[in-house]
Amino acid sequence: MGKVDLEASSCYICFNRSRAFLRNSHKLLIKKNYGNEMKTKLIKALLSAVFLLTVSLCLFSCGEDEIKINFIVNGEVYHTVKAADKTDIEMPTAPVLDGHTFGGWYLDSTRWSVAFDESYLKNNELSADLFVYAKWITEHEHTPGEFTVLEPASCERDGMRIQKCTECEEIIITEKIEKLGHSEITVSGTAATDTVDGYTDGSFCTRCNSILTEQKLIPAKIFGTDIGSDFFTVSERLLSASVSDEVEEINIKDNVKIYSLASVVISYDMSSEEKILDTAKLSYGTNLFYATVTYEGVTSQYTVSVYRRPVYTVSFDTGCDEKIESQTVKHGSLVLPPKNISNGYSIFVGWYLNGVLWNFEENTPTSDITLVAKWEAKKIMVTFTANDTVYLVLEVEIGAAVEKPNDPEIPPKSSLEGWYIKGTDQKWNFNTPITEEITLEAKIIPVLPGDSL
Numbered sequence: 153m154g155k156v157d158l159e160a161s162s163c164y165i166c167f168n169r170s171r172a173f174l175r176n177s178h179k180l181l182i183k184k185n186y187g188n189e190m191k192t193k194l195i196k197a198l199l200s201a202v203f204l205l206t207v208s209l210c211l212f213s214c215g216e217d218e219i220k221i222n223f224i225v226n227g228e229v230y231h232t233v234k235a236a237d238k239t240d241i242e243m244p245t246a247p248v249l250d251g252h253t254f255g256g257w258y259l260d261s262t263r264w265s266v267a268f269d270e271s272y273l274k275n276n277e278l279s280a281d282l283f284v285y286a287k288w289i290t291e292h293e294h295t296p297g298e299f300t301v302l303e304p305a306s307c308e309r310d311g312m313r314i315q316k317c318t319e320c321e322e323i324i325i326t327e328k329i330e331k332l333g334h335s336e337i338t339v340s341g342t343a344a345t346d347t348v349d350g351y352t353d354g355s356f357c358t359r360c361n362s363i364l365t366e367q368k369l370i371p372a373k374i375f376g377t378d379i380g381s382d383f384f385t386v387s388e389r390l391l392s393a394s395v396s397d398e399v400e401e402i403n404i405k406d407n408v409k410i411y412s413l414a415s416v417v418i419s420y421d422m423s424s425e426e427k428i429l430d431t432a433k434l435s436y437g438t439n440l441f442y443a444t445v446t447y448e449g450v451t452s453q454y455t456v457s458v459y460r461r462p463v464y465t466v467s468f469d470t471g472c473d474e475k476i477e478s479q480t481v482k483h484g485s486l487v488l489p490p491k492n493i494s495n496g497y498s499i500f501v502g503w504y505l506n507g508v509l510w511n512f513e514e515n516t517p518t519s520d521i522t523l524v525a526k527w528e529a530k531k532i533m534v535t536f537t538a539n540d541t542v543y544l545v546l547e548v549e550i551g552a553a554v555e556k557p558n559d560p561e562i563p564p565k566s567s568l569e570g571w572y573i574k575g576t577d578q579k580w581n582f583n584t585p586i587t588e589e590i591t592l593e594a595k596i597i598p599v600l601p602g603d604s605l
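Start counting the sequence shown at 153; every next residue gets the next number (this note's numbering).
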C-alpha cells in the first residue's frame with residue numbers, strides 16, 4: 153500500500169461516521185414513526201440537513217483550498233493527491249493484488265460505471281474533494297496460443313509479437329523482436345587513373361539492399377576537355393615534340409591522353425575537315441596538326457607541333473693540299489672532329505665558321521655548313537750581332553726572308569763588309585728563306601789609306 157495522508161484519512165473517517173450516523177438515525181426514527189408518512193418525510197429532510205451540515209463543518213475544519221483526490225484500495229487510502237487545478241493531478245502507480253489485475257480507478261465501488269481517468273479529468277470540472285476506488289479483475293488461467301508477429305523486425309528497427317489466450321482472446325504476452333542488424337558486404341573501390349574516374353570503397357546490406365557506405369567519385373587526373381601526354385610536352389593549348397630524322401610518320405591519337413568520356417579528332421587543319429584517322433606523315437622541320445577534344449558539348453582545340461630533326465652536311469676547307477671528307481650530321485648532334493692535318497711550316501689553329509672558332513663539344517649545326525681551317529705561320533728568331541754585342545733580334549715567319557737591318561755603329565776608319573753566318577765565312581743572302589734560327593754577325597773591316605769609305 154502507498155503512504156496514507158493523515159489529514160486525508162481523518163476527513164475520510166469523519167465522512168464515514170457522518171454517513172453512518174445518518175443511516176442509523178434514519179432507520180431508528182422511521183421505525184418509531186412508522187405509518188406517519190408526513191412525519192417520516194420531515195425526519196428524512198431533517199437528517200439530510202444535519203448530514204450536509206456535518207460534512208460542511210468537516211470540510212471547513214480541514215482548512216484546505218485545494219482539491220483532494222483520495223485513491224482507495226480495498227477500503228483503505230492508497231494515495232492522496234492535492235491539487236489547486238485538475239491539470240496538476242498525477243495518477244499514482246497502479247496497485248498490485250495477487251490473483252487480480254488492476255482495472256483502473258472509478259468514482260463508485262459498486263457499479264464501476266464512471267472511470268476516473270484522463271478522459272474524465274478532461275471533460276469534467278472538479279469542485280470538491282473526491283474518493284476514487286481501485287477496481288480489481290479476478291485473473292483466470294489462460295491457455296496460451298501461438299505467437300503472432302504484429303510487426304516484423306528489420307535491420308534497423310525492432311519488431312513485435314504477441315501471444316493470446318485461445319479461450320478469451322486476451323493478449324497474454326507482448327514481446328519485442330530484436331532488430332536484425334545489417335549484413336554488410338564491402339564493395340572495393342578503384343583508383344583513378346589519368347583518364348578514368350575511380351571510386352572509394354563502399355558497402356551495402358544483403359538483407360534490405362540499402363546502401364550503408366556510399367561510394368564516392370574520385371575524378372580522373374585528366375578531366376573534361378583537358379589533354380595530357382607522356383610523349384608530347386603540354387603547355388596550355390600547345391603540344392610539342394621533337395623526333396629524329398628517321399621518324400617518317402606518327403600516330404598522334406595514340407600519344408595523347410583524354411578523359412575516358414571525352415572524344416578527340418586529329419586533323420591537318422583547324423576546321424577538322426582533313427581528319428587523320430591513323431598516322432600522319434612527317435617532313436623535315438616543324439609539322440603542325442590539330443587535336444579537337446569534346447566533352448558534354450564543350451570543345452577545346454590544341455595545336456600539335458612535331459619537329460622532325462633534319463640532317464645537315466658539314467664540309468671541311470683545309471686551305472692546303474690535304475682533303476677531309478664531309479660529314480652527315482643529324483639536327484642537335486655534334487660534328488666529329490676531323491683528323492689532324494699539316495701545312496708545311498704553318499701551325500694549325502682550328503676550324504672556323506664565319507670567323508668564329510667551332511667547338512666540337514658544344515656546337516651543333518642548324519644548316520649545311522663549311523668549316524674552314526685556320527693556319528698560322530711558324531716564327532723563328534734571327535739574331536744580329538756587331539762588335540760581339542747583340543745588335544738586333546727579329547722574329548721571322550719560317551720560310552720567309554729576313555729583312556736586312558740598318559747598319560750598326562762602326563768604329564772610325566772601318567767599314568761594314570756584310571753579314572755572315574756566325575762562325576763561318578758564309579755571307580748571308582737576304583733573299584734566302586729562313587728555315588731555322590740563326591745568328592748573323594756583322595763583319596767590320598779596317599779602311600786602308602787610299603781606300604774610299
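Positions of the beta carbon are idealized from the N, C-alpha and C atoms, including for glycine.
- Ranked by how close their Cα comes to the Cα of E528, the residues D520, L509 and G502 have G502 in first place.
- Take the alpha-carbon of K368 and the one of A246: they are about 55 Å apart.
- Straight across, the Cα-Cα distance linking S519 with V399 is about 19 Å.
- With distances taken between CA atoms, S355 lies nearest to I363 out of I363, P560 and F512.
- DSSP lists no bridge partner for V266.
- Contact between I325 and C317 is ruled out by a C-beta separation of about 10 Å, above the 8 Å threshold.
- Between the segment 382–398 and the segment 444–451 there are fewer than three inter-stretch CB-CB distances shorter than 8 Å, so the stretches are not counted as touching.
- CA-to-CA, the gap between H483 and K530 works out to about 38 Å.
- The shortest C-alpha to C-alpha distance from L544 to any of V534, M243 and A552 is the one to V534.
- Between the segment 409–417 and the segment 369–386, the count of Cβ pairs shorter than 8 Å is three or higher; the stretches touch.
- With a contact defined as Cβ atoms closer than 8 Å, V542 and I532 miss out at about 16 Å.
- Note that the C-beta distance between K526 and Y504 is below 8 Å.
- Annotation: S279 is outside any beta strand (DSSP E) and is labelled neither H nor E by DSSP.
- When C-beta atoms of the segment 414–428 are compared with those of the segment 485–493, fewer than three pairs fall below 8 Å, so the two segments do not count as touching.
- Residue pairing by DSSP places R461 in no beta bridge whatsoever.
- Counted as a single uninterrupted DSSP element, the beta strand (DSSP E) harbouring C317 occupies residues G311 to C317.
- Between A372 and T352, the C-beta spacing is not below 8 Å.
- Of the candidates V417, D577 and N583, the residue whose Cα lies closest to the Cα of E593 is D577.
- In this structure, the CA atom of I597 is about 31 Å from the CA atom of G551.
- N222 sits close to F283, with the two beta carbons spaced by under 8 Å.
- Exclusion of the five residues before and after T290 leaves G251 and H252 as the residues of its chain whose Cβ lies within less than 7 Å of its Cβ.
- Residues of the same chain with a CB within less than 7 Å of the CB of T591, apart from the 5 flanking positions on each side, are T535, T537 and K574 in chain order.
- Under the 10 Å beta carbon count, F468 is surrounded by 16 or more other beta carbons and is classified as buried.
- By DSSP's assignment, M243 forms no beta bridge with any residue.
- For the set C357, V301, A267 and A414, the Cα lying nearest the Cα of V339 is the one of C357.
- Annotation for P560: A538, Y543 and A594 place their beta carbon closer than 6 Å to its own, counting only its chain and skipping 5 residues before and after.
- For K579, the CB contacts under 6 Å within the same chain, skipping 5 residues up- and downstream, are G570 and Y572 in chain order.
- For K234, the three-state secondary structure derived from DSSP is strand.
- Excluding its 5 nearest sequence neighbours in each direction, G255 has C-beta neighbours in its own chain below 6 Å: K287 and I289, listed in chain order.
- Taking E321 as reference, the option from Y285, N558 and E293 with the minimal CA-CA separation is E293.
- Distances from the alpha-carbon of E303 to those of Q315, S567, N581 and I329 put I329 closest.
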